[in-house]
């Protein structure tokens, strides 16, 4: 089913997820007026791989029921299957009881604390306790609750929401762009969720992966008999458990890999990356260094 054009919102510039959600909220206030405060929002991923739509729907219903029953923010927490260092985590208290109205089949808990991406040792400790979930980055709330928590945690952004809504009422596109551009570049996780007073986590057990690294991409693609993921017809010899990605296109290079194990080899038209798959998150250090040098590829 096509999405109506008026329901597709485009940010004037990049201001991270806090700015994005402030922009969405301003549009809701503009379109629905006082009734907007009763609306519930589901902020979900667009790249869910190999997912179970029915179980996903059930988890969404559980989250929306929670935020509509009480003035709380909710997040999907994914049961971790490995000591992942590339994700943030959501912690619940030891022996935490089920939140009011939830069931063992779809448990909801009060959040004790959010944690940034951990070290390998910390991630292993998290996994051992059974009290930590991966932070999926999928959130749920009522507009009224969001605005109250935003006013407390980020008053500058809360004021901007009102200013944006008023500018939209006047059809003042210039003021909308100016107000939005003045917002801080801030993630909703750090700017709001980690500072909010009342947050619950829904244990979401549908298949999930955050396609944010070469290692996570490799988990979604078919493997050969030696555990290799091959894209772009590279030539491999005596190679195991590796990802070799040769970017398709008219300028595709000839790529050969011999005698390696557990590597990600990424070749594009103007750049090459070679990195152990289990250190795929460290590519950000390379990107930061190249940006400091002013390299045009980044």
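Numbering (our numbering), first residue to last: 1167 to 1464. Every residue gets a Cβ at the ideal spot worked out from N, C-alpha and C, and that includes glycine.
Measuring alpha carbon to alpha carbon, tell me which residue in 1264, 1176, 1410 is nearest residue 1385. Sequence index remark: in the chain shown, residue 1385 carries index 219 (1-based). With distances taken between Cα atoms, residue 1385 lies closest to 1410.
Reference residue 1187, options 1167, 1198, 1170, 1208, closest by Cα: Numbered from 1 along the chain shown, position 21 holds the residue referred to as residue 1187. The shortest C-alpha separation from residue 1187 is found at 1208.
Contacts around residue 1345, its chain only, beta-carbon distance under 7 Å, and the 5 residues preceding and following it disregarded: The residue you call residue 1345 lines up with position 179 of the chain shown. Once the five neighbours on either side are set aside, the close Cβ partners of residue 1345 are 1326, 1329, 1330, 1333.
Just the Cα atoms here: how many angstroms apart are residue 1341 and residue 1456? Counting from 1 along the chain shown, the entry for residue 1341 is found at position 175. Counting from 1 along the chain shown, the entry for residue 1456 is found at position 290. Those two C-alpha atoms are separated by around 36 Å.
Considering only the beta carbon of each residue, do residue 1256 and residue 1265 sit closer than 8 Å? What you label residue 1256 is simply residue 90 of the chain shown in a count that begins at 1. What you label residue 1265 is simply residue 99 of the chain shown in a count that begins at 1. Going by C-beta atoms, residue 1256 is not nearer than 8 Å to residue 1265.
Would residue 1428 and residue 1404 be called neighbours here (beta carbons separated by less than 8 Å)? Counting from one through the chain shown, the residue named residue 1428 turns up at place 262. Counting from one through the chain shown, the residue named residue 1404 turns up at place 238. Not a contact, by the Cβ cut-off of 8 Å.
How many Å lie between residue 1293 and residue 1335 at the Cα? As a working mapping, residue 1293 is identified with position 127 in the chain shown. As a working mapping, residue 1335 is identified with position 169 in the chain shown. Near 49 Å, if we compare the C-alpha coordinates of residue 1335 and residue 1293.
Could you have a look at residue 1167 and say whether DSSP puts it in helix, strand or coil? As a working mapping, residue 1167 is identified with position 1 in the chain shown. Note: residue 1167 maps to coil in three-state DSSP.
Take residue 1244 and list the residues in its own chain whose beta-carbon comes closer than 7 Å to its own, dropping the five residues that flank it on each side. As a position in the chain shown, residue 1244 is number 78, starting the count at 1. Here the set comprises 1299, 1300, 1302, 1370, 1374.
DSSP puts residue 1207 in a beta bridge; with which residues? Residue 1207 sits at position 41 when you count from the first residue of the chain shown. DSSP lists 1307 as partners of residue 1207.
With burial defined as no fewer than 16 other Cβ atoms inside 10 Å of the residue's Cβ, what is the status of residue 1179: buried or exposed? Locating residue 1179 in the chain shown gives position 13, counting from the first residue. With fewer than 16 Cβ atoms within 10 Å of its Cβ, residue 1179 is classed as exposed.
Just how far apart, CA to CA, sit residue 1430 and residue 1217? For this step, residue 1430 is matched to residue 264 along the chain shown. For this step, residue 1217 is matched to residue 51 along the chain shown. For residue 1430 and residue 1217, the distance between alpha carbons rounds to 25 Å.
Determine whether the beta carbon atoms of residue 1323 and residue 1184 lie at a separation below 8 Å. By one-based count along the chain shown, residue 1323 stands at place 157. By one-based count along the chain shown, residue 1184 stands at place 18. Against a cut-off of 8 Å, the Cβ pair of residue 1184 and residue 1323 comes out as a contact.
Between which two residues does the beta strand (DSSP E) harbouring residue 1243 extend? On the chain shown, residue 1243 is found 77 positions in, with the first residue counted as 1. Here the beta strand (DSSP E) through residue 1243 covers 1239 to 1244.
May I ask you to list the residues that DSSP assigns as paired with residue 1427? In the chain shown, residue 1427 corresponds to position 261, counting from 1. Residue 1427 is bridged to 1406.
Using 8 Å for Cβ pairs, my map puts residue 1362 next to residue 1239. What's the rounded Cβ distance? Indexing the chain shown from 1 puts residue 1362 at position 196. Indexing the chain shown from 1 puts residue 1239 at position 73. With a Cβ gap of about 5 Å, residue 1362 and residue 1239 count as contacting.
Enumerate in chain order the residues of its own chain whose CB-to-CB distance from residue 1337 is below 6 Å, with the five nearest sequence positions on each side excluded. Locating residue 1337 in the chain shown gives position 171, where the first residue counts as 1. So no residue of the chain qualifies.
Would you report the Cα separation of residue 1383 and residue 1194, rounded to the nearest angstrom? Numbered from 1 along the chain shown, position 217 holds the residue referred to as residue 1383. Numbered from 1 along the chain shown, position 28 holds the residue referred to as residue 1194. Near 35 Å, if we compare the C-alpha coordinates of residue 1194 and residue 1383.
I believe residue 1233 touches residue 1306 by the beta-carbon criterion, under 8 Å. Please report the beta-carbon distance rounded to the nearest angstrom. Position 67 of the chain shown, counting from 1, holds the residue named residue 1233. Position 140 of the chain shown, counting from 1, holds the residue named residue 1306. 5 Å between Cβ atoms; contact.
Assuming the contact rule is C-beta atoms closer than 8 Å, residue 1400 and residue 1422 should be a hit. Round their C-beta distance to whole Å, please. Translated into the one-based positions of the chain shown, residue 1400 becomes position 234. Translated into the one-based positions of the chain shown, residue 1422 becomes position 256. Confirmed, about 7 Å.
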